[in-house]
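Everything below concerns the one structure shown next.
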Amino acid sequence: MIQNMLESTPSYLQTGGFFLVGVAMLMVVLGFVTYAILAERKVLGFMQLRHGPNRVGGRFGLLQTVADILKLLLKEDTIPRDADRPLFIIAPVIAFAPAFLVIAVLPLTERISFANIGVGLLYYIAISGITTIGILAGGWASNNKYALLGSMRSAAQMISYEIPLVMSVIGIVLLTGSLNLNDIIAEQQSVAFLFKQPLAFFIFLIASVAELNRTPFDLPEAESELVAGYHVEYSGFRWAFFMLAEYVYLFAMASLTTILFLGGWQAIPYLTFIPGAVWFGLKFISVVFVMIWIRATFPRLRADQLMSFGWKVLLPLALLNIFLTTIVIELFRSF
Amino acid sequence: MSSVPLSAYLVTALLLFCMGLYGALTKRNAVIVLISIELMLNAVNLNLVAFAKYGVGASIRGQVFSLFTITVAAAEAAVGLAILIALYRNRATVNVDEMNTLKK
Amino acid sequence: MGESLNVYQNSYLFVIMFLILALLLPAIALTAGRFLRPSKPSAEKQTTYESGIEPFHQSWIQYNVRYYLFGLLFVIFDVETVFLYPWAVAYQKLGFFAFIEMMLFIIMLFIGLLYAWKKKVLKWI
Amino acid sequence: MDMETLLQYEWNSMWPEFTILLTAVALSLIDLFMNKKKDRSLLIWLALAGIAVAIVCLVLQFDDGVVSILNETYRLDSFAKAFKFLMLIGTGFVLLLGVPDESTSVRGEYIYLILTALLGGMMMASSADLITLFVGLELLSLSSYVLVGIRKTNPLANEAAFKYVVNGGIATAITLFGMSYLYGLTGETNIYEIQGLMGSDVVTDNRFLAVFAFLMIVVGLAFKITAAPFHMWAPDVYQGAETPVTAFLSVVSKIAGFAIMLRLLMVPFVFAPGTGEIITPDGISYETLLVSVRPYLVLLAIVTILVGNVIALRQLNAKRLFAYSSIAHAGYLLVPLAALSELVFEAVWFYLTAYLLMNIGAFAVIHVMSAEEEVTVASFAGLFKRAPYLTIAMSIYLLSLAGIPLTAGFIGKFEIFMSALGTEPKRYLLVTAMLAGTVLSYVYYFGLFVQMYFRPSKRQTPVTISNGVTAVLAITAAGTVLLGVFPSIALTFIHDHFQFLEIFNP
Amino acid sequence: MNESFLLTILILSPLLGIVLLSVMPGNHRFINYMGVLGTVLPLVLTLIVFSLFDRTVSGVQFVEYRQWFELMTSISPNEPYTVAYDLGVTGLSVLFLMLASLITFLASLTALRLKESAKGFYILFLLLELGLLGVFVSENLFLFFLFFEITLVSMFLLVGKWGGFNREKAAFSFMIYNGIGSILLLIVIIVLFVEMKTTNITELTMLLKETDSLEFLSGDTRTWLFVLLLIAFGIKLPIVPFHTWMVRVHVEAPIAVVMIHAGVLLKIGAYGLLRFGVGFFPQQLKDMAVVLAILGVINLLYGAFIALVQTELRSVLAYSSISHMGIVLLGVASFNTAGLQGAVFQTISHGLIAALLFLLVGVIVDRFHTTKLEELGGVASQAPLFAGFLLAAGLASLGLPGMSGFISEFLAFLGLFESMPVIGSVGILGLILTAVYMLRAVLAVTFGERRPLFDGIRDLTAVEIVPSAILLSIIIWIGVYPAVLSNTLQLARTIGIGG
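From first to last, the protein sequence lines are chains A, B, C, D and E. Each residue of the first sequence is one higher than the last, beginning at 0 in numbering that gives the first Met the number 0. Each residue of the second sequence is one higher than the last, beginning at 0 in numbering that gives the first Met the number 0. Each residue of the third sequence is one higher than the last, beginning at 0 in numbering that gives the first Met the number 0. Each residue of the fourth sequence is one higher than the last, beginning at 0 in numbering that gives the first Met the number 0. Each residue of the fifth sequence is one higher than the last, beginning at 0 in numbering that gives the first Met the number 0.
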């Protein structure tokens, strides 16, 4: 359906169609966020031998997050007197918008994919970088020392891990010869890149966890150390948008990992009768699960360890990965 | 969707360039001066890309050129900022007007 | 041709739709919130939070130069990927020369990293 | 591009560049892993060895024909060789100036940044493509920015470096803007392709755009060669930078600037149509672009000469004085270009050679004296009593800069006058400006004579000169006189080895 | 074959002195004598040249030619511009050569008094001599210019270092004015060079004469070039609006240098005008003769009038030089044999007389420590020998018959009356004024009230008598037997104009 729309001549009607598709996707994402938070708390609870949310919405606390959101919606929204007001207001939007925007290029299944652009991967990387600006702006606009420090740390961490992240996917680009995510999925018809590019996967996974500011890389918002981080002055729904951005990114990043390394909707050989959407869902959920698992398992890193790890381990490894990949390609070409 | 004429890109680029030039020459804040220079370079990029798409004998070269421009612009910005930081640490100002100790 | 051009244009139309939505959602949510939530501002509430003590100084102070250094490093390395991506995309068609060239490039990048490393730029406070 | 094509290239034509590149990389690694407290002068000698090797490689190629490799982006012709030769020698001198003695030390970055800057200059001299030209230009510029600000804790140096970055950045942007139109008009970035396409209908229909592109490029490059009114940065930067760096900027960087200027202005535009119309019996044709834009070039040269010389009159700081003096010399160097003379390459090259010797020498003297204090004109007082040989060397440079016979500067100036008067119609305006400039320059050059010989000195202590500087002083002074007395050394050298007209042949 | 190196040896001969001086320690007793000796060798060589010079044949003698360097363009590599090392003397230059080395020698004697930094002084002094000799033996404009600049630099240093109170200012104005002059000259040289492809003076003279068809240079260009030459040499001469530097140098420079300056350096202007102005552009000179003559008269009268009111001896002599140089201009302007001969004679004669006068001024400075006319007076009884010489020199300067000044002024005016009688009659007024101011100045020193302050001063010493006597005797010799000049000069052949 979407494919047909993409191929038809642009018109107002069809633009409206796009809009509706977008709204649908937004709903899906919001739904995901709602239950991802719940799932996270449940899984963490499970791993820590406790129950997690279990009051609101039945035994499994199914409405817990919904209630949280409603609470946030009803909370008073304070803007500090000393804050840079326009910047303070606009910062959560800057942080959130790119998070949703990147989803536009992710092909979820063969049929459910939105924008099909040649430089999809680059688009993702470029747009996702904007969030850092939102976080910086929020921290700066708060005019609060904790917020500023938190935002600076967060920005430093995000940019530091962005480089290994970006460099690790070059291996995949080398093998595919395209930046189009659909092409990348098609390339994994037989073997997923997880097996061809294990090093890249390792780097990518770690870097993406860091990019998402999740434990063990959650220094920017380490409640126990830093009060709260860059959003300490935010309250109510403005705060919610920072959180929303993070979980939307979780969605996006997990999807991207699935697409890049796990073959997207591609089925495992001989199991092609199962529809692509299911495959994608399975892979996607396992990635999310791994991320939660990591959160439950690893202790938080120290700030200096965090930076050193990014620059002194991951980046050289990423460079090495490019190097190895090209050499392998060269070897295959000559023999 | 009709394609935008080349001249529109060129005029935009020219405007950007002039804005950048104006900013670089008149602004007092050193950071803004650096940003203005970036603006000028981006005007060049716009020109190059527009020419590469719609220009005479359109070719990929313009895009390649713009890649180089981007990189070099980044390097230039990095060097400029590094120097600005050093300056700020010594003088505690980013006001261009106050950079007048070199005279006579 | 027509179809691929359509795909091309529609794809960006999609992106624009997503952008509109991404901006609309906060706008709607915050506007809705305005009617729902209470608003009783007071001077106490609006002071900046500093763990309970009265805030002193502006916080727009000079922060540690480390952040800048990382920023600069990021700019350099991130922009170098500008060369790596097109190279990686076209690599299969380019041949051996591209291999040599990029190896040199990566080695140069690595030397740059090494330089920063040895100069203690990568050391966090 | 596969292996075979790759091996077909005459890579050996790039040996000088490779040598410099390898030296720079090796030095930076050595510097990184060397004990911090250890003296860095070893690195300077290594760098000098690298330059020596590069010079040898270059000299061995002198009589090869035009070599063009890497899709015609890199080109080794006589023009490139001649200018690279000068740049290598100039950088060698600059490095010698930086050899530390007991009391001083040198930073490793200084050495390899000079080498990378040199590499940029060499790329500029021998690239035939807008992109590589631009990359070379920026390699030189970026290295220079850092070099200027290398004394991190010195506010003057910081300020100078920042001004340099801003001005350089603006200049780069302007040049690029011009280049983008050049690309737009032809769809090519190779300057020889552009040369061929310049006669096309598109260009003819957009002649004004071509002229506009030309002028933008001129303005941008005018910053690089410190031509007025785009010279504002030079005095500040020269003053704020360390003296060897100043010498580098005023000599090697300027040589590179002229190299790129000559190539980028002459080659693509040589057949381009200009704005003026010529009515012939066959219809309307257009004068060439170079003819149309000549008034602007003439204006640029005249303003540069006058501004440089007039403002130099009022300078008290020695480095600023020489900054303005070098602005004035840039003006002289623009004269052959503005005159569109047949002699343009020969005159510019010879004058640059002379300029290299005398200016590096003069900055060497300033370098020696800046060990004691900020060098002002008054610091030269009574120098003859304190350091007679230094004074004599300085006198030679000053005479040469002033264009007194028996020095290289005179022959150079003579050639420039020849170039301006030897073309039809004779460029009397340019000659007049140069004449006025020369006479004005007597005032400040001979003002230094007055200080050195006539005035009593405030200090009595003799001046200490390090070995490296002594070598520079000796070579440059001897060279200045030698080229003044036997100019045929250089002139026949040009004639025998360089066919400058190669530059026009694709 | 031997002869062909003679001129090179001649112009390089001061180098021997320079080298010897520079290896001597700076405080050596004999430095001054060494310096004087240094000027002897050039003098001897000049005498040899003078005596070997063949007065019966025309043209350039002792020619040396060697290619120096070539300028080649890449567009036309086969038509190089050749610059040559090109020496030779004509009758005119032999006379100037003689004048130069003689006066340099005599001037070096007066510098024996110099106590401090004599070494540097003599080195530069010899360098100045080298330049002067070079200027007069160059057969090539390029070389001429080169040596011209050498005199410029060495004079600058000499005046600036060893001059009087305002020496730096004097040195600067010297440098700037003459710098302008030299650059204008350079322009002329280059224009001729690019058009004619040669800088050989004789060749140029021939070519320019042959090409009256204006094949090479249009008439307009020639006029411009002539004007430029006129300004270039007019500054040197000096012609009136450009004279301030010259007065300053006269007043400020050390005596030995002023002797050379007044005696020889100013004559380069005259030499240049005669050799190049008259030689290259006779037609243009003819066209502008009236202008030249008017300039000459202005020089003559202006110098005389100003000299009349000066209260200081050196200034009187400075303006007197201006006045006398006016006569040279008048001689050139008349553009006939008599006039031109007069101009040459006047140049030589004034060189000798001015040298003598300044030599005596040097004595005054040394003994009386003042050159103010009102503070001097009545020295005739205290130093009769000195007074006698001063009087004689003054008389020579005002053109007393029997001395060289008379001959030259007579010839110049003879020529002038022939072509421009009106201007001539105005000019005569200048001669009368000359007598007035010269006598006023000289008599104020020698006669008048006797000053007890000066009792017991030394009269001329041997070292002072010898040069004065030599100069005076030559002045009288020329006055009595002018053929000594005209034989050598052979005006018609040298400059190549009929008359």
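By construction, the Cβ of each residue, glycine as well, lies at the ideal position given by its N, Cα and C atoms.
- Tell me the start and end of each unbroken beta strand (DSSP E) in the stretch 242-316 of chain D that is at least 3 residues and wholly inside, in chain order. 272-279 and 282-287
- Task: Could you pull out every residue in the same chain whose Cβ sits closer than 8 angstroms to the Cβ of Glu158 (chain D), ignoring the five residues on either side in sequence?
- Result: Asp235 and Gly239
- Does DSSP put Phe61 (chain E) in a helix, a strand or coil? strand
- Sequence-distant residues of the same chain with beta carbon closer than 7 angstroms to Ser314 (chain E), five excluded per side: Val246 and Val250
- Query: Would you say Met24 (chain A) reaches chain C, if we count a Cβ-Cβ gap shorter than 9 angstroms as a contact?
  - Reply: yes
- To which residues does DSSP link Asp128 (chain D) through a beta bridge? D:Asn189
- Task: In angstroms with no decimal places, state the Cα-to-Cα distance between Thr14 (chain A) and Ala125 (chain A).
- Result: 25 angstroms
- Query: At which residue ranges does the stretch 280-317 of chain E contain complete alpha helix (DSSP H) runs of 4 or more residues, listed in the order of the chain?
  - Reply: 281-286 and 288-308
- What is the DSSP secondary structure of Asn44 (chain B), reduced to helix, strand or coil? helix
- Task: Verify whether the separation of the beta carbon atoms of Ser12 (chain E) and Leu36 (chain E) is less than 9 angstroms.
- Result: no
- Task: For the beta strand (DSSP E) containing Tyr80 (chain E), list its first residue and its last residue.
- Result: Tyr80 to Val88
- Taking Cβ to Cβ, would you say Ala332 (chain E) is nearer than 9 angstroms to Ser418 (chain E)? yes
- Query: My guess is that Ala209 (chain A) and Phe203 (chain A) are in contact by the Cβ rule of under 8 angstroms, so how many angstroms apart are they, rounded?
  - Reply: Not really, about 11 angstroms apart at Cβ, beyond 8 angstroms.
- Report yes if the CB atom of Val438 (chain D) is closer than 9 angstroms to the CB atom of Phe416 (chain D), and no otherwise. no
- Task: Pick out whichever of E:Phe192, E:Tyr301 and E:Ala443 has its Cα sitting closest to the Cα of Gly376 (chain E).
- Result: E:Ala443
- Query: Ser88 (chain C) CB to nearest chain A CB: under 9 angstroms?
  - Reply: The amino acid occupying residue 88 (chain C) in the given sequence is Val; Ser does not appear at that position. Closer than 9 angstroms to some Cβ of chain A, the Cβ of Val88 (chain C) qualifies, so yes.
- Message: Going by DSSP, what residue range makes up the alpha helix (DSSP H) through Val66 (chain D)?
- Response: Here Val66 (chain D) belongs to no alpha helix (DSSP H); instead the beta strand (DSSP E) covers Val66 to Ile68.
- Message: Tell me the rounded alpha-carbon separation between Glu262 (chain E) and Val193 (chain E).
- Response: In the sequence as displayed, the identity of residue 262 (chain E) is Gly instead of Glu. Approximately 34 angstroms between the Cα atoms of the pair.
- Chain-order list of residues whose beta-carbon lies under 6 angstroms from that of Gly177 (chain E) (same chain, five-residue window excluded): Before going on, a small fix: residue 177 (chain E) reads as Asn here, not Gly. The answer, listed in chain order, is Leu151.
- Which chain C residues sit within Cβ distance under 8 angstroms of Thr70 (chain B)? Val78, Glu79, Val81 and Phe82
- Item | Helix, strand or coil at Asn166 (chain D) according to DSSP, with G and I counted as helix | helix
- Item | Proximity of Gly119 (chain D) and Pro243 (chain D) at Cβ, strictly below 9 angstroms | no
- Message: Against chain D, with Cβ distances strictly below 9 angstroms, would Ser1 (chain B) count as a contact?
- Response: With a pLDDT of 47 at Ser1 (chain B), under the threshold of 50, the predicted position of this residue should be treated as unreliable, and no value is reported.
- Task: List the residues of chain D that Gly160 (chain E) touches, going by C-beta distances under 8 angstroms, in chain order.
- Result: In the sequence under discussion, the amino acid at residue 160 (chain E) is Lys, which differs from the Gly named in the question. The answer, in chain order, is Tyr452 and Phe453.
- Task: Using alpha carbons as the reference points, say which of D:Asn504, D:Phe17, D:Leu263 and D:Arg106 lies closest to Val147 (chain D).
- Result: D:Arg106
- Counting Cβ pairs, one atom from each stretch, are 3 or more of them under 8 angstroms apart for the stretch 22-37 of chain C and the stretch 67-79 of chain A? yes
- Is there contact between the stretch 291-305 of chain E and the stretch 368-386 of chain E, where contact requires at least three CB pairs shorter than 8 angstroms? no
- Task: May I have the straight-line CA-CA distance separating Leu96 (chain E) from Arg274 (chain E), to the nearest angstrom?
- Result: 14 angstroms
- Item | Segment limits, alpha helix (DSSP H) that includes Arg237 (chain A) | Gly235 to Phe260
- Should Gln66 (chain E) go down as buried or exposed, given a rule of 16 or more other Cβ atoms within 10 Å for buried? exposed
- Message: Could you check whether Met174 (chain E) and Phe155 (chain E) sit closer than 9 angstroms to each other, using their CB atoms as the reference points?
- Response: yes
- Task: Label Pro461 (chain D) either buried or exposed according to how many other C-beta atoms from any shown protein chain fall within 10 Å of its C-beta, with 16 as the threshold for buried.
- Result: exposed
- Task: Flag this pair as touching only if the stretch 235-248 of chain A and the stretch 85-103 of chain A have three or more C-beta atom pairs under 8 angstroms; answer yes or no.
- Result: yes
- Query: Which partner residues does Thr137 (chain E) have in the DSSP bridge list?
  - Reply: The identity of residue 137 (chain E) in the sequence shown is Ser, whereas the question assumes Thr. Ser137 (chain E) pairs with E:Leu86.
- Message: Residues in the same chain with beta-carbon distance under 8 angstroms from Lys119 (chain C), minus the five sequence neighbours each way, listed in chain order, please.
- Response: none
- Query: For Ser102 (chain D), is the classification buried or exposed, using 16 other Cβ atoms within 10 angstroms of its Cβ as the cut-off for buried?
  - Reply: exposed
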